[in-house]
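Inspection log for the structure reproduced underneath, given as structure tokens.
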Amino acid sequence: NHYPASIISSFPNPRVVKAFGVPKTGTFGSQARLGSLIEENEELGSYQNLIFVKRGILVAMVCGVLAFCCKRVFAVEGVVNAGYGVIGQSILLLKNAWPKLSMLLKVFKEQGLVLTALLGLSAFFSMAETAITTLWPWKIRELAEKESEDGVFKMLRSDVTRFLTTILIGTTVVNIGATALVTDAATAIFGEAGVSAATGVMTVAILLLTEITPKSIAVHNPTEVARFVVRPVAWLSVILYPVGRVVTFLSMGMLKIFGLKGKSEPYVTEDELKLMLRGAELSGAIEEEEQDMIENVLEIKDTHVREVMTPLVDVVAIDASSTLVEFHNLWLTHQYSRVPVFEQRVDNIVGIAYAMDLLDYVTKGEVLESTTVGDMAHKPAYFVPDSMLVWNLLREFRIRKVHMAVVLNEYGGTVGLVTLEDVVEEIVGEIFDENDSNEEIQKKTGYIVMRAEGIFDVDANTSIDQLSEDLNIKMPEEHQYETVSGFVCEAFGYIPRTGESIKVVLEKGNEEEDDENAEAGSDQQDMKERHQIYKLEV
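Mapping to my numbering: the sequence shown position 538 is 558, numbers consecutive.
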């Protein structure tokens, strides 16, 4: 109910003023009231315009939503129509291909059993090949010992090539037969395109069904699979024996043509055996100490007597002219059960005195004073060259029933002493008893003590192997010394005096770090990273 424009324009009419209740205060008062009403009318007009704008925005939003919904409906309808089109085309293609599919099903119904048998034989031969080649020789020997004289594992142990040849012949025949069967059927149905289809299908089938799966089973269960496959393969080897002999003869002829030998390498090398031991130790099958002992047994065959002997300067010996009382006093000091006996010079050892023999003279006091050690010593002493292998020395100790030997160099001079305990320590490590003092232990084994970061106090008697292991360094190849003392003398070129020092360059012993450095940069940079400078101070 707003005022029309005509009323506003004729506002000065007294009747209108009276209707609005405006007092008659004159013309000036009427004009003031008129201005107030005009402002109110302008505000009402602005409010009306705002309402119109809001309604317009609402209408636009509704129209947009309706348009979007219509678009989605049209899109869904398009997808449905496309789906109907694809289904229709698929049905049409299936209808057109049904004759060929029916022929394919008919072929597989007739030849499927033959194809399954061929693939099964191929899987069997793959399992047999992997099981026989994976089985360790000692395991084959163990299985053969449990059989009779004509057992199949005895045949396998005596002629493994015959079994492998039979397996390879069988694998080749059945794979070719299966591929030819599928190719023939596919060609008859699809024409030339069937060759490619058959090749792809048979490649996947042979890989999955006859190679990867059966060989994985054989790798994880070699013994059980070998028990299952060896007997059938042995029977088949009898049937295919003439063919196998011809194939073996031809293969040996090919090897001779190319200048190769038919004899195989040992089944397990020493390095492979050490890797197996480390793997067994990491898996928890054996302890670290057991691994070290087995590795020491493997290495002892390459160890010489000079590497384990006690040098002559450290040998405790007694003069042959000494009395048994003096020998008794020497025994109380060192408590050695056996003592070398020399005449005139310590390097002229003539026999070995046993402390146990003193018991025969305990009750004879006057005899202890008059009897000499030379009279009681066991003569002659057992002499061995310093180049003798420790393994051979151990065998000689067992044959001769002795525990001590005098070591001679190539010139016949005495250079040291070796005992059965020295040999055993090469296997089980250092052995000490309750009578060994700390000084004797350090004198025998040496020591390495860290004084500060990168600074070590090393005893001259410390072995080179211990130094290399503790400091992670690699000594020069074919070194002629066994202790740190020899290394220092070779580095100086003479016997150094106290306080002298020299710098040497040694290679780091970490092979993995060396390999990483070798791949990282230039040769000069690699050499610098793989080597380190050490200062030797006497």
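Don't be surprised by glycine CBs; every beta carbon is placed ideally from N, CA and C.
For the candidate residues the options, whose alpha-carbon lies nearest to that of residue i?
{"i": "Asn195", "options": "Leu139, Asn349, Tyr381 and Val267", "result": "Leu139"}
{"i": "Ala246", "options": "Arg420, Leu184, Leu428 and Asp312", "result": "Leu184"}
{"i": "His499", "options": "Ala511, Met272 and Leu352", "result": "Ala511"}
{"i": "Ala309", "options": "Gly449, Val336 and Ile187", "result": "The question names Ala, but residue 309 is Glu in the sequence shown. Checking every option, the nearest Cα to that of Glu309 belongs to Gly449."}
{"i": "Thr150", "options": "Val558, Pro242 and Met376", "result": "Pro242"}
{"i": "Val266", "options": "Thr186, Ile152 and Gly211", "result": "Thr186"}
{"i": "Ala375", "options": "Ile369, Gln364, Arg365 and Met396", "result": "Met396"}
{"i": "Thr199", "options": "Thr503, Leu176 and Thr230", "result": "Thr230"}
{"i": "Val172", "options": "Val253, Leu428 and Leu260", "result": "Val253"}
{"i": "Val359", "options": "Leu332, Glu212 and Lys384", "result": "Leu332"}
{"i": "Thr153", "options": "Asp170, Val239 and Thr219", "result": "Val239"}
{"i": "Val427", "options": "Ile468, Asn412, Pro516 and Asp406", "result": "Asp406"}
{"i": "Val559", "options": "Ala143, Glu489 and Lys421", "result": "Residue 559 is absent from the model: the chain starts at 21 and stops at 558."}
{"i": "Val444", "options": "Gly273, Gly264, Met313 and Leu155", "result": "Met313"}
{"i": "Pro234", "options": "Leu295, Ala148, Leu260 and Lys384", "result": "Ala148"}
{"i": "Gly519", "options": "Lys555, Gly273 and His551", "result": "Lys555"}
{"i": "Val599", "options": "Gln311, Gly513, Val438 and Ala218", "result": "Given that the chain is displayed from residue 21 to residue 558, the structure contains no residue 599 and the question cannot be resolved."}
{"i": "Leu260", "options": "Gln311, Arg182, Ser505 and Pro516", "result": "Arg182"}
{"i": "Val525", "options": "Ile515, Ile553, Phe269 and Gly513", "result": "Ile553"}
{"i": "Ala425", "options": "Lys523, Lys294 and Ala373", "result": "Ala373"}
{"i": "Val263", "options": "Arg550, Val193, Asp479 and Pro157", "result": "Val193"}
{"i": "Asp334", "options": "Leu413, Lys523 and Ala480", "result": "Ala480"}
{"i": "Thr330", "options": "Arg251, Met274, Asp442 and Met272", "result": "Asp442"}
{"i": "Ile493", "options": "Pro516, Arg517, Lys528 and Lys523", "result": "Lys528"}
{"i": "Leu293", "options": "Ala217, Leu318, Gly279 and Glu212", "result": "Leu318"}
Quick one: what's residue i bridged to in DSSP?
{"i": "Arg358", "result": "Tyr374"}
{"i": "Tyr554", "result": "Val524"}
{"i": "Thr503", "result": "Ser483"}
{"i": "Pro570", "result": "Outside the shown range of the chain (21 to 558) lies residue 570, about which nothing can therefore be said."}
{"i": "Ile338", "result": "Val361"}
{"i": "Pro331", "result": "Gly436"}
{"i": "Ile369", "result": "Phe362"}
{"i": "Thr343", "result": "Thr392"}
{"i": "His348", "result": "DSSP, once it has assigned bridges, lists no residue as partnering His348."}
Residues in the same chain with beta-carbon distance under 7 Å from residue i, minus the five sequence neighbours each way, listed in chain order, please.
{"i": "Glu446", "result": "Asn316, Ile320, Thr323, Val328 and Val410"}
{"i": "Gly433", "result": "Asp367"}
{"i": "Phe94", "result": "Unreliable placement is indicated for Phe94, whose pLDDT of 49 sits below 50; no coordinate value is reported for it."}
{"i": "Asn429", "result": "Asp406 and Val435"}
{"i": "Thr16", "result": "A query on residue 16 cannot be resolved here, the shown segment of the chain reaching from 21 to 558 and no further."}
{"i": "Arg177", "result": "Ile160, Arg161 and Ala164"}
{"i": "Thr482", "result": "Gly466, Tyr467, Ile468, Thr503 and Val504"}
{"i": "Thr268", "result": "Thr181 and Thr185"}
Quick one: residues in its chain with C-beta nearer than 6 Å to the C-beta of residue i, no 5 flanking neighbours on either side, listed in chain order?
{"i": "Gly214", "result": "Ala206 and Thr207"}
{"i": "Leu440", "result": "Phe417 and His423"}
{"i": "Glu539", "result": "At Glu539, the pLDDT of 47 sits below 50, so the modelled position is not reliable; the number obtained from the coordinates is stated separately. Answer for Glu539: no residue qualifies."}
{"i": "Met222", "result": "Thr199 and Val202"}
{"i": "Phe145", "result": "Ile187, Gly190 and Thr191"}
{"i": "Ile306", "result": "Ala300"}
{"i": "Glu557", "result": "Ser521"}
{"i": "Asp490", "result": "Ile468"}
{"i": "Gly304", "result": "none"}
{"i": "Phe476", "result": "Ile468 and Met470"}
{"i": "Ser377", "result": "According to the sequence provided, residue 377 is Asp. The question's Ser does not apply to it. Result list for Asp377: Met396, in chain order."}
{"i": "Leu256", "result": "Thr186"}
{"i": "Ser357", "result": "Ala375"}
Leaving aside the five residues before and after residue i along the sequence, list all residues of the same chain whose C-beta is less than 8 Å from its C-beta, in chain order.
{"i": "Val387", "result": "Leu344 and Tyr381"}
{"i": "Phe507", "result": "Ile484, Leu487, Met495, His499 and Tyr501"}
{"i": "Leu201", "result": "Gln131, Val134, Leu135 and Leu138"}
{"i": "Val370", "result": "Ala340, Val361, Phe362, Glu363, Gly394, Ala397, Lys399, Pro400 and Ala401"}
{"i": "Glu167", "result": "Phe173 and Lys174"}
{"i": "Arg420", "result": "Tyr402"}
{"i": "Tyr514", "result": "none"}
{"i": "Ser29", "result": "Bear in mind that a pLDDT of 42 at Ser29, under 50, signals an unreliable position, so the number given afterwards is only what the model happens to contain. Cβ neighbours of Ser29 beyond the five flanking positions: none."}
Looking at the ligand GTP, does it come within less than 7 Å of residue i, judged from the CB to the closest heavy atom?
{"i": "Tyr402", "result": "Of ligands this structure carries none, so the ligand GTP is not represented either."}
Could you tell me whether any Cβ in chain C is nearer than 8 Å to the Cβ of residue i?
{"i": "Leu302", "result": "No chain C is part of this structure, which consists of one protein chain only."}
Practice prompt. Return the chain-ordered ranges of every alpha helix (DSSP H) run that is complete within the segment 416 to 500 and spans a minimum of 4 residues.
Written response: 440 to 448, 458 to 465 and 484 to 491
Discussion item. Is it the case that the segment 335 to 353 contacts the segment 470 to 483, given that we only count it when at least three CB pairs across the two stretches are under 8 Å?
Written reply: no
Worksheet item: Using 8 Å as the Cβ pair cut-off and three pairs as the minimum, do the segment 217 to 232 and the segment 149 to 168 touch?
Response: no
Worksheet item: Quick one: complete alpha helix (DSSP H) runs, 4+ long, within the segment 154 to 209?
Response: 157 to 165 and 172 to 178
Item to complete: Give, in chain order, every unbroken run of the alpha helix (DSSP H) that is at least 4 residues long and sits entirely within the segment 271 to 315.
Response: 290 to 303
Fill in: Contiguous alpha helix (DSSP H) assignments of at least 4 residues, all confined to the segment 234 to 262
242 to 259
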